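For reference, the structure is listed below as structure tokens.
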Amino acid sequence: MSPQRLRALLRRVRSGRLPVAQALEELAALPFRDLGFAKVDRHRALRQGFPEVVFAQGKSPEQVASIARAISEDGGPVLVTRLSEVQLGPLRAAVPGGRHHAPARLFLKGRARPVRGARVAILSAGTSDEPVAEEAAWTAWAAGCQVDRHYDVGVAGLHRLLARRSAIERARALVVVAGMEGALASVVGGLSRRPVIAVPTSVGYGTSLGGVTALLGMLNSCASNVVAVNVDNGFGAGYFASLVARRSS
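Throughout, our numbering is defined as the position within the sequence shown, counted from one, plus 3.
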């Protein structure tokens, strides 16, 4: 249940248009909806400003569709991450009108109410990092932020990043996505006064160790405005950046 829907319900009770007993029936379904195999958190939009997000990896197509349908029936945005092609058909049938963003492996219907001034910039080191960057970008957008993309601005050609510096500074929070050695996060942190959420990706040759090398580099950044999320976690970075941007706007 979204804050808007709860406010509307309370106004109907106050005006006398909705009996108290009927309001209690509606509220009785809170705080979660039990689907048997999953318990859908119906309070999350009230607590955090955005409904529960569906992590599709490891779930059957039917499970993904059922959870997404339950969230959609509450009237809030529906965001499904790490979606596979086999899960897409049942999901589209369960939540008509949603959009599949294939590079990000993400499905989205609706978004939170936009917040004026809540601007997030997404930077990626190379083209290979774009799927994770797109996951972060669409997540921040779904959470009500304006999103600017600055892709392929890695340290191997630093002039590409410097050409975007003034545009990057207009954002309230920066998400920096990089694989290989992960150096871009420290460089951006040293150039910007904004909070930097660093996302290591699993892109790189053997000693990148599936993103661990980039993760350790970001964790050991000497730029004090840099924090790191887990390998390939574009969703976590985009969500946290939206919280920072919305709070500071």
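Yeah, the Cβ is synthetic: ideal placement off N, Cα and C, and Gly gets one too. None of these values were measured; they are calculated from a predicted model.
Quiz item: Mind checking Arg-197: buried by the 16 CB within 10 Å criterion, or exposed?
Solution: Position 194 of the sequence shown, counted from the start, is the residue given in the question as residue 197. That one is buried.
Quiz item: DSSP beta-bridge partners for His-162?
Solution: In the sequence shown, counting from the first residue as 1, residue 162 sits at position 159. His-162 pairs with nothing; no bridge assigned.
Quiz item: Can you tell me whether DSSP reads Gln-51 as helix, strand or coil?
Solution: Within the sequence shown, residue 51 is the residue found at index 48, counting from 1. In this structure, Gln-51 counts as helix in the three-state DSSP scheme.
Self-check item: Cβ shell of Leu-218 (< 6 Å), same chain only, five flanking positions each side left out
Solution: Taking the sequence shown and counting its residues from 1, the one referred to as residue 218 is at position 215. Hits under 6 Å: Pro-203 and Val-234.
Practice problem: Locate the alpha helix (DSSP H) running through Thr-210, then write down its first and last residues. | Solution: Counting from one through the sequence shown, the residue named residue 210 turns up at place 207. Run containing Thr-210: none; DSSP gives neither H nor E here.
Quiz prompt | Leu-254 classed as buried or exposed, judged by whether at least 16 other C-beta atoms fall within 10 angstroms | solution = Any property of residue 254 remains undetermined from this structure, which presents the chain solely from 4 to 252.
Quiz item: What is the residue span of the beta strand (DSSP E) that Ala-124 lies within?
Solution: Taking the first residue of the sequence shown as 1, we reach residue 124 at position 121. Looking at the DSSP string, the run of the beta strand (DSSP E) that includes Ala-124 is 122-127.
Quiz item: Cβ of Val-199 versus every heavy atom of the ligand SAH: is any distance shorter than 6 Å?
Solution: The ligand SAH is not among the ligands present in this structure, which contains no ligands whatsoever.
Quiz item: What number of angstroms, rounded off, separates the C-alpha of Ala-231 from the C-alpha of Asn-223?
Solution: On the sequence shown, position 228 is the one that residue 231 refers to. On the sequence shown, position 220 is the one that residue 223 refers to. When rounded, the distance between both Cα atoms is 10 Å.
Quiz prompt | Simplified DSSP assignment, three categories, for Arg-173 | solution = Taking the sequence shown and counting its residues from 1, the one referred to as residue 173 is at position 170. Here Arg-173 sits in coil by DSSP.
Practice problem: Give me the Cα-Cα distance between Val-179 and His-103, rounded to the nearest whole angstrom. | Solution: To locate residue 179, count along the sequence shown from 1; it is residue 176. To locate residue 103, count along the sequence shown from 1; it is residue 100. Their backbone Cα atoms lie some 23 Å apart in a straight line.
Quiz item: When you compare each of His-46, Ala-24 and Gly-61 to Pro-54 by their alpha carbons, which one comes out closest?
Solution: In the sequence shown, counting from the first residue as 1, residue 54 sits at position 51. Per the Cα distances, His-46.
Quiz item: Buried or exposed: where does Gly-220 fall if 16 or more other Cβ atoms within 10 Å of its Cβ makes it buried?
Solution: As a first step, residue 220 must be located in the sequence shown, where it is residue number 217. Label assigned to Gly-220: buried.
Quiz prompt | Three-state secondary structure assigned by DSSP to Leu-21 | solution = On the sequence shown, residue 21 is found 18 positions in, with the first residue counted as 1. The answer is coil: DSSP assigns Leu-21 none of H, G, I, E or B.
Quiz prompt | the stretch 235-249 contacting the stretch 136-156, beta-carbon criterion three pairs below 8 Å | solution = yes
Practice problem: Below 8 Å on the Cβ atoms is my guess for Arg-50 versus Pro-80; work out the distance and round it to an integer in Å. | Solution: Here residue 50 corresponds to residue number 47 of the sequence shown, with the count starting at 1. Here residue 80 corresponds to residue number 77 of the sequence shown, with the count starting at 1. Going by Cβ atoms, the distance from Arg-50 to Pro-80 rounds to 15 Å, so no, they are not a contact pair.
Self-check item: Cα-Cα separation between Leu-187 and Ile-74, rounded to whole angstroms
Solution: Position 184 of the sequence shown, counted from the first residue, corresponds to residue 187. Position 71 of the sequence shown, counted from the first residue, corresponds to residue 74. Each residue's alpha carbon lies about 37 Å from the other.
Quiz prompt | Sequence-distant residues of its chain with Cβ nearer than 7 Å to Trp-144 (five each side left out) | solution = Here residue 144 refers to the residue found at position 141 of the sequence shown. Hits under 7 Å: Arg-114 and Val-150.
Exercise. Look at Ile-125 and Ala-107 and say whether their C-beta atoms are less than 7 Å apart.
Key: Within the sequence shown, numbered from 1, the residue matching residue 125 stands at position 122. Within the sequence shown, numbered from 1, the residue matching residue 107 stands at position 104. Their beta carbons are not under 7 Å apart, which means Ile-125 does not touch Ala-107 by this criterion.
Practice problem: Please report the Cβ distance between Gly-182 and Gly-209, rounded to the nearest whole angstrom; I am assuming they are in contact, meaning their Cβ atoms lie under 8 Å. | Solution: Counted from its first residue, the sequence shown places residue 182 at position 179. Counted from its first residue, the sequence shown places residue 209 at position 206. Actually they do not touch by this definition, with Cβ atoms about 13 Å apart.
Quiz item: Just the Cα atoms here: how many angstroms apart are Lys-112 and Thr-142?
Solution: To locate residue 112, count along the sequence shown from 1; it is residue 109. To locate residue 142, count along the sequence shown from 1; it is residue 139. If you take the alpha carbons of Lys-112 and Thr-142, they lie about 11 Å apart.
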